[in-house]
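Notes to accompany the following structure.
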Amino acid sequence: MKIGIVCFPTYGGSGIIATELAHLLSKKHELHLVSYDKPVRFEKKTDFFFHKVELLSYPLFKRVPCCYSLALISKLVEVTRDYALDIVHSHYAVPNAVSAYLAKKICKDSLKLVTTLHGTDSYLVGSHPSYKEVTQFSMQQSDELTTVSEYLKKLTLTKFDIQREITVIPNFVNPKRFKKLGKDRTQKIICHSSNFRPIKRIPDIIKAFKIISEEIKCSLFLIGNGPERPRAEKLAKNLKVHDRTQFLGNMKNVHDILGKSDLFLLPSEDESFGLAALEAMSCQVPVVASDTGGLRELISHGEDGYLVEVGDTEELAEHSLRILSDPNLQEDFGRNARRKVLEKYTPEKIVPQYEDIYNKILNNQ
Ligand code: GMT
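In our numbering, the protein residues as written are 1 to 365.
Rendered as structure tokens:
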């Protein structure tokens, strides 16, 4: 098969999954990754083609970001024509699925379209009045529409007026890379990674850490960058935990830190899936997360982690302390988490599910 994958290159789960999928599919298929920059998990040695969407900088466009969607259409038309693509798979509906639809109309009506919704493209950005109609249209026009959780599927069907099948294909993680590593320090490490947007509720982590660190010796490692970082740094200073908190910024090798962590916190307002939690679980790290969204499908409360009410920082701290102060519980949860990953969320389990839908739509013409 000749497959084009479109994604955002920035730090975020959708770009990570799209890039990992490109790496894995390129072992068997001709793969073309299209984006405006090399994505974050792009490896030096790749077996796929990378096509950069070039943007025309023009004063009139300064406050009108439509130029990206148009440039993406043109790039997709070019790649589809030059390489005779069979399928374009868009990760994140806005604007990728819309651009893919227009590329198909311009150059090749037999081109098949797959759209994977990752979360905010459906319930936040895509359902905003500015984008809703066009997002809905692109979902309806895709030959296959997938979501990363049952939760996101239900939410999409309530937010949008669409009559169609949606296939749930969960995210995956490479357990060979994301694995437990030996520790060289005695104190406990609590970790979080995200793009520091308000939805991640970073201040809740700092407030819970304050309570935890009064009980046990521990450090907080915060991986990532984003709009909430300055506020979080200020809060860490105000709560006098800044000397035990490390803001590590964006990291390519997140697994180096995760593999040495004792606990992962994800107190988000909402998560369609929670890829960061899955990566921690693969490293045998128990997760304490919000009792919301797709996190309920991923984490089993009391077996491999805990789910707590959104915004309840005391409950977040209390459940974290339960794990950190009981080495047997930490060990059991970590082992259960890793076992779940190996049973359900490896590339071997998930990638064939994407190949199945590609085969299905290509054989249906
Ligand atoms: O969570 C983010 O801020 C990034 C966002 C994205 O589109 O990259 O993540 C979404 O997709 C991930 C991969 O499928 C999911 O694991 C995240 O849960 C989802 N984020 C939200 O729903 C907030």
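The C-beta atom is built at its ideal place from N, Cα and C for all residues, glycine as well.
Since residue i and residue j are thought to touch, with beta carbons under 8 Å apart, how far apart are those beta carbons, to the nearest angstrom?
{"i": "residue 118", "j": "residue 4", "result": "Contact doesn't hold; Cβ gap of about 18 Å is too wide."}
{"i": "residue 258", "j": "residue 178", "result": "7 Å"}
{"i": "residue 218", "j": "residue 70", "result": "50 Å between Cβ atoms; not a contact."}
{"i": "residue 308", "j": "residue 288", "result": "6 Å"}
{"i": "residue 114", "j": "residue 357", "result": "6 Å"}
{"i": "residue 300", "j": "residue 338", "result": "13 Å between Cβ atoms; not a contact."}
{"i": "residue 97", "j": "residue 76", "result": "With a Cβ gap of about 11 Å, residue 97 and residue 76 do not count as contacting."}
{"i": "residue 94", "j": "residue 121", "result": "5 Å"}
{"i": "residue 228", "j": "residue 198", "result": "6 Å"}
{"i": "residue 174", "j": "residue 347", "result": "6 Å"}
{"i": "residue 139", "j": "residue 86", "result": "Going by Cβ atoms, the distance from residue 139 to residue 86 rounds to 21 Å, so no, they are not a contact pair."}
From the DSSP output, in three-state form, read off residue i for me.
{"i": "residue 216", "result": "coil"}
{"i": "residue 43", "result": "coil"}
{"i": "residue 166", "result": "coil"}
{"i": "residue 110", "result": "coil"}
{"i": "residue 299", "result": "coil"}
{"i": "residue 89", "result": "strand"}
{"i": "residue 125", "result": "coil"}
{"i": "residue 158", "result": "helix"}
{"i": "residue 188", "result": "strand"}
{"i": "residue 172", "result": "coil"}
{"i": "residue 35", "result": "strand"}
{"i": "residue 181", "result": "coil"}
{"i": "residue 306", "result": "strand"}
{"i": "residue 8", "result": "coil"}
{"i": "residue 52", "result": "strand"}
{"i": "residue 269", "result": "coil"}
{"i": "residue 340", "result": "helix"}
{"i": "residue 263", "result": "strand"}
Under 9 Å, Cβ to Cβ, is there at least one residue of chain C near residue i?
{"i": "residue 51", "result": "The chain labelled as chain C is not found in the depicted structure, where only one protein chain is given."}
If we count the other Cβ atoms within 10 Å of its Cβ and call it buried at 16 or more, is residue i buried or exposed?
{"i": "residue 123", "result": "buried"}
{"i": "residue 143", "result": "buried"}
{"i": "residue 84", "result": "exposed"}
{"i": "residue 187", "result": "exposed"}
{"i": "residue 163", "result": "exposed"}
{"i": "residue 203", "result": "buried"}
{"i": "residue 130", "result": "exposed"}
{"i": "residue 326", "result": "exposed"}
{"i": "residue 263", "result": "buried"}
{"i": "residue 161", "result": "exposed"}
{"i": "residue 133", "result": "exposed"}
{"i": "residue 43", "result": "exposed"}
Rounding to the nearest angstrom, what Cα-Cα distance links residue i and residue j in this structure?
{"i": "residue 110", "j": "residue 104", "result": "8 Å"}
{"i": "residue 330", "j": "residue 183", "result": "15 Å"}
{"i": "residue 37", "j": "residue 88", "result": "18 Å"}
{"i": "residue 81", "j": "residue 180", "result": "45 Å"}
{"i": "residue 233", "j": "residue 223", "result": "13 Å"}
{"i": "residue 318", "j": "residue 9", "result": "37 Å"}
{"i": "residue 235", "j": "residue 206", "result": "7 Å"}
{"i": "residue 354", "j": "residue 176", "result": "21 Å"}
{"i": "residue 336", "j": "residue 284", "result": "8 Å"}
{"i": "residue 170", "j": "residue 46", "result": "24 Å"}
{"i": "residue 278", "j": "residue 250", "result": "18 Å"}
{"i": "residue 221", "j": "residue 112", "result": "43 Å"}
{"i": "residue 157", "j": "residue 128", "result": "15 Å"}
{"i": "residue 102", "j": "residue 214", "result": "57 Å"}
{"i": "residue 7", "j": "residue 363", "result": "25 Å"}
{"i": "residue 333", "j": "residue 248", "result": "26 Å"}
{"i": "residue 328", "j": "residue 286", "result": "12 Å"}
{"i": "residue 18", "j": "residue 107", "result": "24 Å"}
{"i": "residue 153", "j": "residue 126", "result": "14 Å"}
{"i": "residue 189", "j": "residue 243", "result": "14 Å"}
{"i": "residue 368", "j": "residue 274", "result": "Any property of residue 368 remains undetermined from this structure, which presents the chain solely from 1 to 365."}
{"i": "residue 342", "j": "residue 245", "result": "32 Å"}
{"i": "residue 276", "j": "residue 90", "result": "21 Å"}
{"i": "residue 155", "j": "residue 280", "result": "26 Å"}
{"i": "residue 22", "j": "residue 59", "result": "35 Å"}
{"i": "residue 352", "j": "residue 116", "result": "15 Å"}
{"i": "residue 137", "j": "residue 72", "result": "18 Å"}
Do the CB positions of residue i and residue j come within less than 9 Å of each other?
{"i": "residue 68", "j": "residue 53", "result": "yes"}
{"i": "residue 195", "j": "residue 225", "result": "yes"}
{"i": "residue 191", "j": "residue 261", "result": "yes"}
{"i": "residue 151", "j": "residue 272", "result": "yes"}
{"i": "residue 295", "j": "residue 266", "result": "yes"}
{"i": "residue 168", "j": "residue 146", "result": "yes"}
{"i": "residue 31", "j": "residue 49", "result": "yes"}
{"i": "residue 16", "j": "residue 40", "result": "yes"}
{"i": "residue 208", "j": "residue 298", "result": "no"}
{"i": "residue 216", "j": "residue 314", "result": "no"}
{"i": "residue 256", "j": "residue 293", "result": "no"}
{"i": "residue 231", "j": "residue 290", "result": "no"}
{"i": "residue 340", "j": "residue 304", "result": "yes"}
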